[in-house]
Amino acid sequence: MGVNHSSNPALEMGRPPCFEDGLNKGVWTAHEDEVLGNYVKLHGEGKWVNVAKATGLKRSAKSCRLRWLNYLKPDIKRGNIALDEEDLIIRLHRLLGNRWSLIAKRLPGRTDNEIKNYWHSTLKKKVQESSSNHCKSKKKPMMEPSAESAESLKMDSCLSPTKIFHAVEPSIDGGLGKEMVAEQPPESGDEIFPKNFASFSEFDSMTVGECGINGCQDDPLPSFSDLG
DNA sequence: AATCCTCACAACCGCTTTCAA
DNA sequence: CTTGAAAGCGGTTGTGAGGAT
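Numbering-wise (UniProt numbering), the first sequence opens with residue 1 and increments by one.
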């Protein structure tokens, strides 16, 4: 399904431009992109309300932020998700569920929106197919990866997304992860596992081992300690 | 050739979290 | 400590492209 991103994808896909409540909605034009890009390069990210006002763009702050983060930012790479990236997304999704922003942080140049779209359009089916083939003989029915993760990670008040991120941080490499581990080491003293667990390894075995995070015990994810 | 269906993707919406006053 | 604004996040929608019938 090739979408030509080299011309102006905004004009070829997405919602039609419309003007409502004094604000433009829908696809961004090349001119709007240019104005926004120039402003952010000059003044930096953040203060999106100011961006919208100062540039004269009839766009909401949210819309400006989204456009910059997902498309205009210089280090964004679009399309052609490699196999190793795909594999990493699948593994991270098993661990984290639908926490796209956390997953995206492990894939340099990829945005949460892109990963989310890719998951829903492509990977979800792949994972479902492979897991149904793989687990046909298992007694335990497969769950949706996100539901499974939430279930096995005991997503309650004691385990915030941030904490999960820190727990995963040192262990995922998958080829891409090694450089990222060095890039953002967990802060010392930061709480990296829930208080209920006495140690990192206990949390590790609880989430990855005993609970069977991926539902297929014969195809387990590597544990934190294995990957470390 | 026309119509329908599915896919891929951009962007919006609403909720939650963070942070400054 | 409270509150309101801004930022961040995930879910969902709407659209065009292309394949199938």
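Virtual Cβ for every residue (Gly too), placed ideally from N, Cα, C.
Is residue i near residue j, with beta carbons less than 7 Å apart?
{"i": "D75", "j": "G109", "result": "yes"}
{"i": "A52", "j": "C64", "result": "yes"}
{"i": "E32", "j": "L57", "result": "yes"}
{"i": "I90", "j": "Y118", "result": "no"}
{"i": "L102", "j": "L96", "result": "yes"}
{"i": "W100", "j": "D112", "result": "yes"}
{"i": "R106", "j": "L123", "result": "no"}
{"i": "R78", "j": "W28", "result": "no"}
Mapping the DSSP letters down to three states, classify residue i as helix, strand or coil.
{"i": "L107", "result": "coil"}
{"i": "M125", "result": "The residue asked about is misnamed: residue 125 is Lys in this sequence, not Met. It is helical."}
{"i": "K116", "result": "helix"}
{"i": "K62", "result": "helix"}
{"i": "K41", "result": "helix"}
{"i": "E144", "result": "Low confidence applies to E144: its pLDDT is 42, below 50, so where it sits in the model is not reliable enough to give any reading."}
{"i": "R99", "result": "coil"}
{"i": "A182", "result": "Confidence at A182 is low in this model, with a pLDDT of 35, below 50, so its placement is unreliable and the value that follows should be read with caution. Of the three classes helix, strand and coil, the one that applies to A182 here is helix, per DSSP."}
{"i": "E86", "result": "helix"}
{"i": "N70", "result": "helix"}
{"i": "R91", "result": "helix"}
{"i": "D75", "result": "coil"}
Any idea if residue i is buried or exposed, counting beta-carbon neighbours within 10 angstroms, 16 or more meaning buried?
{"i": "L23", "result": "exposed"}
{"i": "G44", "result": "exposed"}
{"i": "E114", "result": "buried"}
{"i": "A30", "result": "exposed"}
{"i": "L83", "result": "exposed"}
{"i": "H120", "result": "exposed"}
{"i": "E34", "result": "exposed"}
{"i": "V127", "result": "buried"}
{"i": "V49", "result": "exposed"}
Pull up the DSSP beta-bridge partners for residue i, would you.
{"i": "K53", "result": "Answer is none; K53 lacks a bridge partner."}
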